[in-house]
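In what follows, a structure is listed as structure tokens, so that the remarks can point back to it.
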Amino acid sequence: MPGEANFLNQLAKQLKQIKHRNLERLAGLFITGLTLMALIVFALYINRRWDIPSDEKIIVDIQRGMTLTSIARELGELRIIQHPRTFMIMAKFMGWGHQLKAGHYLFEGQVSYWKVLRRLTRGNVMTLTLTIPEGLRAENVVSLLKQHLHIDSTTLMERINNEQFCRQLKVDAPSLEGYLFPDTYYFMLNETPESALTKMVNRYRSVIHDSLLERARSLGMTIHEVMTLASIIEGEAVIGSERAVISALYHNRLQKGMRLQADPTIQYIIHDGPRRLLYKDLQIQSPYNTYLYRGLPPSPVNSPGLASILAALYPSSDDYLYMVANGDGSHTFSRTIEEHQKAKDRFDRLRRDIRRNR
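The letter at position 74 of the sequence shown is residue 844 when you use my numbering, and the numbering goes up by one with no holes.
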């Protein structure tokens, strides 16, 4: 019968469609299953750990501009990874092929592709602990940075003396001399000249808080003048307890319009120091020569530490105007030129006696 035939045809079509949909669903499930299995295998493989074949630490230097291929080859040659091509495939699959950061990296013990990739993308580079002592001139700081971080000294000095760079760091001075704060720093081994100097200036700015700026204003001084005076105190003081006394002496001389006659300013302008100063050194024509010119020199003569900065801001109440070095780090302080001359004569006699007894 025609109606029965149509019914059977429709039923056959529906069964065929159901079968097709089931096959598609099964195929989809199969593909999903394969994908999940592949991802599981990938995850297990990328996290598979192995021991670096060395009892020592391996340092790898990833330089700026290195391609993924070069990085993979370098890691393979150092036996940090087992298969460079696999490393490249994984880096590209994760979308990290162009995100590997330059720097010195330390690898030891167990590693995996995942561990290596994450370290290189996060930039977990080695750091170097470097202490910048109090009282160093900028050129001495540059020497330390060149020695330990291999930063170009010419570029460093150019940045230090670049007024525009000083303004960028909010230093109101023509040079960073005196503002490279002495402290212990944790430098990256791939520091740039700008980043290294910025760290030191930022440390200075963190130390000079608002209360110290207000104190400087109350003394009628700019912070640049404070840092300049602090650098002289840093150069003079060997015994910590004398800092505030030395500060008072210089404040007193400034108030009276006397020349500071500060030896650290002469050490700054001689080319073969530090050494014992000669009479001819005191005649050098320079705005830093406080034996010839009144007032503070144009800028700091070294990088003073916090103790000297505080001494410059908080001098003792002493009314001394003169001092003589005793040869053991201490000083004899005097209020009058007569007292000063007696102290100087005593030290000269002591020095002559020591020479005779040698």
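Every residue gets a Cβ at the ideal spot worked out from N, C-alpha and C, and that includes glycine.
Inter-residue CB distance, Asn972 and Val895 (contact presumed, cutoff 8 Å): At roughly 19 Å, the Cβ-Cβ gap does not stay under 8 Å, so Asn972 and Val895 are not in contact.
Top-ranked residue by Cα proximity to Ile923, from Pro1044, Leu983, Gly1005, Val911: Per the sequence shown, the amino acid found at residue 923 is Ser instead of Ile. Among Pro1044, Leu983, Gly1005, Val911, the Cα nearest to that of Ser923 belongs to Val911.
Best match in Arg1122, Val996, Asn1022, Leu939 for proximity to Ser1104 [C-alpha to C-alpha]: Asn1022
Assigned exposure category for Ile993 - 16 Cβ within 10 Å defines buried: buried
Distance CB(Asn1059)-CB(Ile1036) smaller than 8 Å: Pairing Asn1059 with Ile1036 gives a Cβ-Cβ distance under 8 Å.
Start-end ranges of the beta strand (DSSP E) lying completely within the segment 939-963, minimum 3 residues: Unbroken beta strand (DSSP E) runs of no fewer than 3 residues, entirely contained in the segment 939-963, are found at 954-958, following chain order.
Three-way DSSP call (helix, strand, coil) for Ala966 in this model: helix
DSSP three-state assignment for Val895, whether helix, strand or coil: In the structure shown, Val895 sits in coil (DSSP, three-state: anything other than H, G, I, E or B).
Sub-8 Å separation of Glu1004 and Ser1078 beta-carbons: yes
Beta-carbon spacing of Thr1106, Met1093 below 8 Å: no
Three-state secondary structure assigned by DSSP to His920: coil
Rounded Cβ spacing between Thr998 and Ser1069 (contact assumed at less than 8 Å): That pair is a contact at about 6 Å.
Pro1074 and Ala1000 closer than 8 Å at C-beta: In this structure, Ala1000 lies closer than 8 Å to Pro1074 by Cβ.
Sequence-distant residues of the same chain with beta carbon closer than 6 Å to Ala1018, five excluded per side: Pro1085, Ser1086, Asp1088
CB of Ile842 within 8 Å of CB of Phe857, strictly: Reading off the sequence, residue 842 comes out as Ala, not Ile. With contacts defined as CB atoms closer than 8 Å, Ala842 and Phe857 qualify as a contacting pair.
Proximity to Ile1002 [Cα-Cα], best of Tyr974, Lys969, Gly948: The shortest Cα separation from Ile1002 among Tyr974, Lys969, Gly948 belongs to Gly948.
Contiguous beta strand (DSSP E) assignments of at least 3 residues, all confined to the segment 1064-1111: As far as the segment 1064-1111 is concerned, its whole beta strand (DSSP E) runs of at least 3 residues are 1092-1095, 1101-1104.
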